[in-house]
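The structure under discussion appears below in the form of structure tokens.
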Amino acid sequence: MYRIKMLNKIASVGLRQLDPKRFEVATELDNEDGILVRSAKMHDYEFPANLRAIARAGAGTNNIPIDRCTENGIVVFNTPGANANAVKELVLAAMLLSSRDILGGAEWVQEQAHTPGVDLPAAVEKGKSAFVGPELYRKTLGVIGLGAIGALVANDALKLGMDVYGYDPYLSVDAALRLDRHVHVVKDVTELFKVCDYITLHIPYLPSTKDFINAEAISKMKGDVRILNLARGELVCDEDMIAALESGRVAKYVTDFPNERIATAKNVVALPHLGASTPESEDNCAVMAVRELEDYLVNGNIRNSVNLPNLVQEWSGVARLCMIHENVPAMLTSIMTTLSNDGINVENMTNKSRKEVAYTVVDVNTRIADEVAEELRAIPGMIRVRVLSHRD
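All residue numbers for the sequence shown refer to the working numbering, where the first residue is 360 and numbers rise by one.
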């Protein structure tokens, strides 16, 4: 039986995907085989010997020590696209909030309504001009990052009558196919900066994307631009943004990642990290994370890993060897030689690599003895060897 530990509450619709005859799921477990997590910080987490995989019910994995997981042969999964619609809808709302002072107007109405002696209808007619803002129709939106969320935002913005520019230096074929043909995809982000009235960020936070929006970037934008950040707080330099808001070069900044400094700055709409906060999104993420974890533990397949290559192989033998190893020359030769010397015939094999690490799945026509598994583990550069039975 596989033991799955939950470090956060996981939607029950996801947990129901696991057969209780094969999986024990609880918040208190020792030597777990897998972990389901959302926001719990794991950088100081002590990995038990049996831990094989961690599935994050969400896209970001900053709370997980990825490098340490890789060194220990632990596969880390996330759920890209599972919360895409929820974030997209909030982006559309954020564009409206950045244009029309809806929040300020609503607060002002409440103040008037609670002031004794105020004729509210008359006050509204007299004071509404203070909350005027531009329409989205026929304005230009720049979408930085055209993955699952960015593509949805771009396509829906077109339906609102906006002109849409997109930038993504790593645009995949699948992502490109999801885009409406009327989106102007540019190769230089400066081209997007020059023409856009609104700019929304949908890129991951990496060392190379830290402070992606900074003083230099803002200087290349149109004046009175409105910037939306529902991706990661670190993508925007707070100091440079505050300066641009004070000068008026940036008209509004909407962020889903408030801190004490940015939340109190002029013309900032700070949201309490609401991007994926819908029941539908939580259900989608839970189901996707559970299925990834189950498929890896039972079948050795890897889908949507952030530290290992994706690899899916149909069963074609009696047993399956799942090997995580360094991506070095002659590793496959060493594996095949070991199996050949033990008289084991290979039915099927797939090997994929990701930078310094690789993953090899081998289906064989016989049971794998413990001695053979130990011989494979002894190969220099081998990180982890798992043996699965077709009946597991």
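C-beta atoms are modelled at their ideal positions from N, C-alpha and C, and glycine is treated no differently.
Of the candidates D478, L680, L500, the residue whose Cα lies closest to the Cα of M708 is L680. Within a 10 Å sphere around the beta-carbon of H684 sit 16 or more other beta-carbons, which makes this residue buried. When the beta-carbon positions are compared, Y526 and V502 come within less than 9 Å of each other. Distance from the CA of M695 to the CA of M682, rounded to the nearest whole angstrom, comes to 12 Å.
At the C-beta level, H561 and G476 stay beyond 9 Å of one another. Following the DSSP letters along the chain, one finds C681 inside the beta strand (DSSP E) bounded by residues 678-685. The beta carbon of F571 sits closer than 6 Å to those of L594, all from its chain and outside the five residues before and after it, given in chain order.
Counting the other CB atoms within 10 Å of its CB gives P631 a total below 16, which places it among the exposed residues. Burial is judged here by how many other beta carbons sit within 10 angstroms of a residue's own beta carbon; M647 has at least 16 and is buried. Under the 8 Å Cβ criterion, the stretch 461-479 does not count as touching the stretch 614-623, having fewer than three qualifying pairs. In the structure shown, F552 falls within a helical segment according to DSSP collapsed to helix, strand and coil.
Following the DSSP letters along the chain, one finds K711 inside the beta strand (DSSP E) bounded by residues 705-713. When Cβ pairs closer than 8 Å are counted between the two stretches, the stretch 477-490 is seen not to touch the stretch 516-524, the count staying below three.
Between the stretch 530-546 and the stretch 567-584, the count of Cβ pairs shorter than 8 Å is below three; the stretches do not touch.
Spanning the alpha carbons of V687 and E651 requires a straight line of approximately 27 Å.
For I461, the enclosing alpha helix (DSSP H) has its first and last residue at 461-472. The beta-carbon distance between T420 and V665, rounded to whole angstroms, is 5 Å. This is short enough to meet the 8 Å contact definition. Looking at the DSSP output, H402 bridges to nothing.
It is roughly 36 Å from the alpha-carbon of C596 to the alpha-carbon of G393. Distance between K581 and L735, taken at the CA atoms: about 60 Å. Among the bridge pairs identified by DSSP, D522 is matched with T499.
For I727, the secondary structure class from DSSP, reduced to helix, strand or coil, is coil. With three or more CB-CB distances shorter than 8 Å, the stretch 720-734 counts as touching the stretch 695-704. Linking S398 to T386 through their CA atoms gives a straight-line distance of about 14 Å. Distance from the CA atom of Y361 to the CA atom of E430, rounded to whole angstroms, is 22 Å. Looking from the CA of G607, the closest CA among T549, L395, N626 belongs to N626. In this chain, R411 is not harboured by any alpha helix (DSSP H), its DSSP state being neither H nor E. Under DSSP, the beta-bridge partners assigned to G393 are I363, A412.
Per DSSP, the beta-bridge partners of E383 are R362. DSSP lists R679, N707 as the beta-bridge partner residues of D722.
The DSSP assignment places 619-622, 638-658 as complete runs of the alpha helix (DSSP H) inside the stretch 607-678, in order along the chain (cut-off: 4 residues). G506 is the residue among G506, L511, E550 whose C-alpha sits nearest the C-alpha of V532. D642 and T697 have their alpha carbons spaced roughly 44 Å apart. In this structure, DSSP gives L560 an extended state, which the three-state scheme calls strand. The beta carbons of V746 and A737 sit no closer together than 9 Å. The three-state secondary structure of M580, taken from DSSP, is coil.
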